[in-house]
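To start, the structure under review is shown below, and the notes come after it.
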Amino acid sequence: HIDAPSHFFENGVTVDQVPLERLIGPAVVIDLSDTIIRRQPIEWRDLEKWEDRMKSLARTQSQAHGSSAGSMVLIRTGWDQYWGTGTYFDHPFLSKYAAVRILATGITLIGVDTLSPDKTVLPSEEISELEADFSVHNEVLGAGCLIAENLTNLDRIVDGRWVVSLLPLKIGGCDGSPIRACAWQMKQ
């Protein structure tokens with residue numbers, strides 16, 4: 001699933017307005033599956049060792065394709081293994097600061113193998129949807145960037161250099177869409 005800025009911002013770009021070159025390209029894949037804890041935030045300190053790779057990718061994409069080029073980071077937590085179970089809602093999530101730092105590298109799309117990059121409010125919690133913290137959505141989408149959620153099989157593309165395609169349905173005015181996510185290995 002992909003979220004466009006209009007998912008949270010009334011005048012934000014809709015899915016059909018996102019240039020395709022922002023949805024197809026090389027990605028930095030970060031594997032945190034060995035360090036992730038249920039319902040705990042992913043902090044910048046967990047990601048900062050990939051900072052130079054993120055900056056390099058964003059710079060290379062911008063130089064090669066201009067300002068409309070996309071640069072993606074895909075975060076593997078391993079949580080996709082819980083799809084279809086109640087545990088899936090107990091996923092780890094990005095801290096707001098981690099999201100801000102990722103964006104500061106020039107990355108324009110953050111993808112996760114969880115329900116959301118934000119903490120999911122559980123039905124047992126006495127908090128309304130309006131009180132929920134969507135700070136990552138607000139930061140990322142507010143910067144005009146994109147979020148991909150519920151990705152699977154990121155374990156297959158951790159090693160090597162990969163081109164990723166996250167193409168949505170082209171439905172006018174939509175703030176989000178299912179995607180067909182696929183990847184192929186770049187020649188070395």
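Under full-length UniProt numbering, the sequence shown has 79 at position 79, and the numbering climbs by one with no breaks. Even for Gly, the Cβ is constructed at its ideal location relative to N, Cα and C.
Discussion item. Please classify lysine 119 as buried or exposed, where buried requires at least 16 other C-beta atoms within 10 Å of its C-beta.
Written reply: buried
Worksheet item: For tryptophan 79, does the three-state DSSP call read helix, strand or coil?
Response: helix
Item to complete: Could you tell me whether the Cβ atoms of glycine 106 and alanine 58 are closer together than 9 Å?
Response: yes
Practice prompt. Please state if the CB of proline 117 and the CB of alanine 132 are separated by a distance shorter than 9 Å.
Written response: no
Worksheet item: Closest by CA to residue 272, which one among Phe89, Val140 and Thr87?
Response: In the structure displayed, the chain extends from 1 to 188; residue 272 sits before or after that span and is not available.
Worksheet entry | Residue environment, asparagine 11, which counts as buried when at least 16 other CB atoms sit within 10 Å | exposed
Fill in: Contacts around methionine 186, its chain only, beta-carbon distance under 8 Å, and the 5 residues preceding and following it disregarded
Pro26, Gly160, Arg161, Trp162 and Val163
Worksheet item: leucine 167 to proline 123, Cα distance in whole Å?
Response: 32 Å
Worksheet item: Skipping 5 residues on each side, what residues in its chain have a beta carbon closer than 6 Å to that of tryptophan 44?
Response: Tyr97, Ala98 and Arg101
Worksheet item: For residue 192, which option in Arg39, Ile37 and Glu51 has the closest C-alpha, if you only look at C-alpha atoms?
Response: For residue 192 there is no data in the structure shown, the boundaries of the chain being 1 and 188.
Discussion item. My assumption, with CB atoms under 8 Å, is that leucine 115 sits in contact with asparagine 150. Please give the rounded CB distance.
Written reply: 6 Å
Worksheet item: Exposed or buried, arginine 76, counting other C-beta atoms within 10 Å across all chains shown (16 or more means buried)?
Response: buried
Item to complete: Enumerate in chain order the residues of its own chain whose CB-to-CB distance from glycine 84 is below 6 Å, with the five nearest sequence positions on each side excluded.
Response: none
Item to complete: Throw me the rounded Cβ distance for the isoleucine 171 and serine 177 pair, which I believe falls under 8 Å.
Response: 7 Å
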